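Have a look at the structure below, then the notes.
Protein chains in written order, with my numbering: chain A, 4 to 207; chain B, 41 to 175.
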């Protein structure tokens, strides 16, 4: 992704931090209650960008993050196949999960120095999954580092780190997990999935 | 009798082996080749993100992926010939089905052998003589 494909409202918001440019891998962890054993899964690779202005951190964050449905790994190949099937996420028709961050509210400073800024904020935007888009408001901690610091963590680039945790209600996105009349969501499978994301971006 | 005891003992030993393999490989619900689980995270105080309080209030765990075959209670095969088809419940079912058939065959062989042996005639004569004596 280049600045040319980024909406102007995000370009003018601040520096663009691309997820692929960071020296640390972004990570999304999903957790759900399921029959026989609870599911713990990873989702990736996370791609996209975050727009942030270190000179005006109170403006918060904007951005766009994408995760391929086929990149969700539950640790069991058969379960991954089920997850991509029509009755679950239907990866063939809806191959991506897209999180769009349109605004940030309640931006509160945690720590600020000349080399880093850490703020807590609420990200406002939308989550598109399974062909449906729903409004999303999630708490996040955002840290900007003037440079990534010690050598073992990579070069001297700026780094933007975002950590968030939220729930995704499966019914809201039309995911039933079964044929009509035999839905397992809310019965043996939890109504929602816990999402824990830690994403890192650096300027191109 | 001895042959049946030997068959049942073999079944018990084989079942114990399957259960031991399940316990030794992590007592998973499903057979799998990799596992994902959370482990406590050691935060490096030299990490600039830790110094910036990025991790403060986080779950302090990280997701660990471990490769290696783990025998589960239930199978999770993608194809017919898949090692993930092996699991405790089908293996125990197969072992005890084999034991049942083997014990049945052993009993049948024993009965046939008795019917055709001179021993059967001697036993019948003995019973007859006892009945006559009672009269």
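Glycine included, each C-beta is placed from N, C-alpha and C at the ideal position.
Because the structure is a prediction, the values reported are computed rather than measured.
Residue i in three-state terms, based on DSSP
i, result
"residue 55(A)", "strand"
"residue 89(A)", "coil"
"residue 84(B)", "coil"
"residue 134(A)", "coil"
"residue 153(A)", "The predicted model places residue 153(A) with a pLDDT of 48, which falls under 50 and marks its position as unreliable, so this point remains unresolved."
"residue 37(A)", "coil"
"residue 131(B)", "helix"
"residue 191(A)", "coil"
"residue 25(A)", "coil"
"residue 206(A)", "coil"
"residue 96(A)", "coil"
"residue 112(A)", "strand"
"residue 160(A)", "coil"
"residue 179(A)", "coil"
"residue 122(B)", "coil"
"residue 47(B)", "helix"
Distance, residue j Cα to residue i Cα
i, j, result
"residue 175(B)", "residue 165(B)", "16 Å"
"residue 118(A)", "residue 55(A)", "15 Å"
"residue 141(A)", "residue 113(A)", "17 Å"
"residue 122(B)", "residue 204(A)", "40 Å"
"residue 146(A)", "residue 103(A)", "19 Å"
"residue 21(A)", "residue 45(A)", "20 Å"
"residue 164(A)", "residue 123(A)", "12 Å"
"residue 77(A)", "residue 125(B)", "18 Å"
"residue 31(A)", "residue 88(B)", "21 Å"
"residue 56(B)", "residue 95(B)", "46 Å"
"residue 101(A)", "residue 90(A)", "19 Å"
"residue 139(B)", "residue 169(B)", "40 Å"
"residue 65(A)", "residue 16(A)", "7 Å"
"residue 143(B)", "residue 156(B)", "20 Å"
"residue 94(A)", "residue 23(A)", "23 Å"
"residue 33(A)", "residue 133(A)", "16 Å"
"residue 83(A)", "residue 198(A)", "17 Å"
"residue 101(B)", "residue 27(A)", "17 Å"
"residue 161(B)", "residue 150(B)", "16 Å"
"residue 99(A)", "residue 50(B)", "53 Å"
"residue 8(A)", "residue 207(A)", "14 Å"
"residue 177(A)", "residue 136(A)", "10 Å"
"residue 159(B)", "residue 146(B)", "19 Å"
"residue 43(A)", "residue 115(A)", "35 Å"
"residue 14(A)", "residue 80(A)", "40 Å"
"residue 109(A)", "residue 18(A)", "21 Å"
Proximal residues to residue i (C-beta, below 6 Å), its chain only, five neighbours per side dropped
i, result
"residue 107(B)", "74"
"residue 167(B)", "none"
"residue 166(A)", "144, 201"
"residue 97(A)", "133, 134"
"residue 154(B)", "160"
Amino acids of chain B, ordered along the chain, whose beta-carbon sits closer than 8 Å to that of residue i
i, result
"residue 44(A)", "76"
"residue 119(A)", "88, 91, 92"
"residue 84(A)", "118"
"residue 39(A)", "69, 70, 113, 114"
"residue 70(A)", "In chain order: nothing, as chain B lies at least about 15 Å away."
Proximal chain A residues relative to residue i, where beta-carbon distance stays under 8 Å
i, result
"residue 121(B)", "Those within 8 Å of residue 121(B) in chain A number zero; the least Cβ separation is about 14 Å."
Residue i: CB within 6 Å of a non-hydrogen atom of the ligand HEM
i, result
"residue 175(B)", "Absence of the ligand HEM from the depicted structure is noted, as is the absence of any ligand whatsoever, leaving it without description."
Residues that residue i contacts on chain B, provided the C-beta gap is smaller than 7 Å
i, result
"residue 79(A)", "70, 72, 116"
Residues of its chain near residue i, where Cβ-Cβ distance is below 7 Å and the 5 sequence neighbours each way are ignored
i, result
"residue 103(B)", "76, 78"
"residue 25(A)", "162, 203, 204, 205"
"residue 71(A)", "98, 99"
"residue 90(B)", "83, 84"
Closer than 9 Å at the beta carbon, the chain A residues around residue i
i, result
"residue 55(B)", "Correct list: empty, because the minimum Cβ distance to chain A is about 21 Å."
"residue 157(B)", "None at all; the shortest Cβ gap to chain A is about 53 Å."
Item checked: Contiguous alpha helix (DSSP H) assignments of at least 4 residues, all confined to the region 61-118 of chain B -> Taking only runs of at least 4 residues, the alpha helix (DSSP H) segments lying wholly in the region 61-118 of chain B are 88-91.
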